[in-house]
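A.B. asks: In UniProt numbering, the protein residues as written are 1 to 368.
Beta carbons are placed, not taken as given, at the ideal position from N, Cα and C, and that holds for glycine.
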């Protein structure tokens with residue numbers, strides 16, 4: 001093999017007195033281009049090689065960023081049919097690299113010379129380029145922070161687990177949440193940091209807050225406990241059976257993420273039995289995503305719902321919600337007989353009937 005190929009590249013200039021070499025990597029990369037004579041690229045156009053790997057002790061892929069200085073000493077050549085180097089360009093100067101910049105040889109070889117078969121540079125119409133280099137990483141001598149050792153493994157965060165333990169422990173608590181006869185000891189700082197409602201409560205001068213006891217009367221113990229667990233850990237579990245109640249308490253204490261989680265749970269568990277309750281809930285607590293899910297579900301099951309007394313009563317109680325339903329006639333025109341019967345039996349008021357008939361006439365005109 002050509003002696004020039006065996007030659008080590010050892011020179012890296014260090015004339016910059018403000019920088020010291022941190023690491024040096026030597027590497028080589030062989031890139032073969034098949035059917036070179038058929039390539040359509042014109043002069044000045046580029047052909048990109050695959051990403052190649054350099055390494056020292058361990059293989060690793062390299063990229064540059066603004067925090068590292070890098071210099072390289074580069075050498076280009078073409079391998080002939082004997083794998084000897086030809087047309088060697090050994091650039092003796094050190095090249096600076098930074099992010100998104102590259103380096104190359106603009107006049108590496110003439111195309112006519114390369115395509116001439118007598119020169120033996122294209123073996124079976126394949127061009128093989130050998131790229132050899134030395135990369136040196138520099139670090140300013142006034143930097144005191146060493147590079148993070150690669151062998152250090154950073155553990156997963158245990159913050160939510162630790163806060164969960166704090167919720168389960170009475171240690172250092174300074175407040176009591178009282179639900180009926182049940183008392184749950186909590187930490188004011190945690191509740192105030194997570195809920196603007198609790199923050200305002202603890203900053204008032206009311207006698208209730210001065211006694212460090214907060215009474216919650218309109219929710220079950222399980223619902224309050226689930227809310228407090230979320231406040232401490234940012235997580236929920238098994239709320240499917242109480243999602244509607246959790247949504248309401250999340251709305252009351254302005255816990256937007258918990259409210260969205262409850263909304264998502266309800267939207268994914270709709271049935272013909274609960275869709276009307278969920279639709280009413282979405283209207284009362286401004287949850288548009290849940291409302292859209294309910295309306296879509298109603299449209300898909302319009303034929304069945306139109307025959308139920310539950311649906312007809314719901315329409316009378318929430319007539320304006322129907323304005324967003326672009327459904328078939330069955331959901332509207334199945335109701336007049338029910339309305340007349342209900343009015344006679346005093347199940348509904350005249351005002352309810354008038355409201356519904358106004359909407360009914362509006363829809364009737366839209367169907368024409």
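Which of helix, strand or coil does DSSP assign to residue 195?
C.D. replies: Residue 195: coil per DSSP, three-state reduction.
A.B. asks: Using only alpha-carbon positions, find the residue among 182, 204, 172 that is nearest to residue 190.
C.D. replies: That would be 172, whose Cα lies nearest to the Cα of residue 190.
A.B. asks: Shortest alpha-carbon distance to residue 248 belongs to which of 220, 293, 234?
C.D. replies: The option with the nearest alpha carbon to residue 248 is 220.
A.B. asks: Would you check if there are 3 or more beta carbon pairs closer than 8 Å linking the region 283-290 to the region 299-315?
C.D. replies: Cβ pair count under 8 Å is below three, so no.
A.B. asks: Comparing alpha-carbon positions, which option in 47, 86, 126 lies nearest residue 33?
C.D. replies: Here the closest residue by C-alpha is 126.
A.B. asks: Considering residue 249, what are the terminal residues of the alpha helix (DSSP H) in which it resides?
C.D. replies: Taken as a continuous stretch (DSSP letters only), the alpha helix (DSSP H) holding residue 249 covers 243-252.
A.B. asks: Alpha carbon to alpha carbon, how far is residue 107 from residue 122?
C.D. replies: Taking the straight line joining both Cα atoms gives about 18 Å.
A.B. asks: Determine the DSSP secondary structure at residue 127, reduced to helix, strand or coil.
C.D. replies: Looking at residue 127 - three-state DSSP - the assignment turns out to be strand.
A.B. asks: I need the straight-line Cα distance from residue 321 to residue 212, nearest angstrom please.
C.D. replies: Computed Cα separation, rounded: 43 Å.
A.B. asks: Does the region 153-160 come within contact of the region 74-89, defined as at least 3 CB pairs closer than 8 Å?
C.D. replies: With a cut-off of 8 Å, the region 74-89 and the region 153-160 do not count as touching, because too few Cβ pairs lie within range.
A.B. asks: So the alpha helix (DSSP H) residue 224 belongs to, where does it begin and stop?
C.D. replies: Its alpha helix (DSSP H) spans residues 221-233.
A.B. asks: Would a C-beta distance cut-off of 9 Å place residue 262 and residue 231 closer than the cut-off?
C.D. replies: The answer is no: Cβ separation not under 9 Å.
A.B. asks: Name, in chain order, the residues that DSSP records as bridge partners for residue 175.
C.D. replies: Residue 175 pairs with 186.
A.B. asks: Along the chain, where does the alpha helix (DSSP H) containing residue 261 start, and where does it finish?
C.D. replies: From DSSP, the alpha helix (DSSP H) with residue 261 extends over 256-267.
A.B. asks: Taking the straight line between their C-alpha atoms, what separation do you get for residue 196 and residue 269?
C.D. replies: For residue 196 and residue 269, the distance between alpha carbons rounds to 30 Å.
A.B. asks: Do you know how far the Cα of residue 115 is from the Cα of residue 132?
C.D. replies: Residue 132 and residue 115: Cα-Cα distance of roughly 24 Å.
A.B. asks: For residue 32, which residues does DSSP report across the bridge?
C.D. replies: The partner list for residue 32 (beta bridge, DSSP) reads 128.
A.B. asks: Does DSSP put residue 47 in a helix, a strand or coil?
C.D. replies: Residue 47: coil per DSSP, three-state reduction.
A.B. asks: Measure the alpha-carbon distance for residue 229 versus residue 188 and round it to whole angstroms.
C.D. replies: Spanning the two alpha carbons is a distance of roughly 14 Å.
A.B. asks: Of the choices 37, 49, 182, 264, whose alpha-carbon is the least far from that of residue 113?
C.D. replies: Per the Cα distances, 37.
A.B. asks: Going by Cα to Cα distance, which pick from 88, 251, 266 is closest to residue 241?
C.D. replies: Comparing Cα positions, the closest option is 266.
A.B. asks: Please state whether the Cβ-Cβ distance between residue 258 and residue 236 is less than 9 Å.
C.D. replies: A contact, by the Cβ cut-off of 9 Å.
A.B. asks: Check the C-beta distance from residue 85 over to residue 130 and give it rounded, since I have them as a contact under 8 Å.
C.D. replies: Rounded, the Cβ-Cβ distance is 6 Å, consistent with contact.
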